[in-house]
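Down below is the structure, laid out as structure tokens.
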Amino acid sequence: MLVRRALSFLEERRRERPELPLEKLLDEAGARFNLSPVDGEALAHVFRATVLSDASGPSNPEGASDVRGNG
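In structure tokens form, the structure reads like this:
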């Protein structure tokens, strides 16, 4: 349940402050929701999978390079 709430938090913060590095947002979510290291890794995995699947749609033919900081 905490990972879901943290995921919602991450999505909201990403919309508000897209310039913040993902790792900073993940750290913030982990601290805010008191996630264990395992839960933090699960959150990172789910968030990256969500972002990558959204970014690979027709509106972003370049893929998710901008999300990972490579573009």
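Under the numbering used here, the residues of the sequence shown are numbered 340 to 410, in order. No residue lacks a Cβ here, since even glycine has one placed at the ideal position from N, Cα and C. This one's a predicted model, so the numbers in the text were calculated from it and none came from an experiment.
Beta-carbon proximity check, residue i vs residue j, cutoff 7 Å
i	j	result
L349	A368	yes
L341	F372	yes
Cα-Cα separation, residue i to residue j
i	j	result
L364	R353	8 Å
V385	E351	15 Å
A381	E355	23 Å
L359	D366	12 Å
Residue i - DSSP class collapsed to helix/strand/coil
i	result
R376	One point to set straight first is that residue 376 is Pro, not Arg, in the sequence displayed. In this structure, P376 counts as helix in the three-state DSSP scheme.
S392	helix
E350	helix
R356	coil
Buried or exposed by the 16-neighbour rule on C-beta atoms within 10 Å, applied to residue i
i	result
L374	buried
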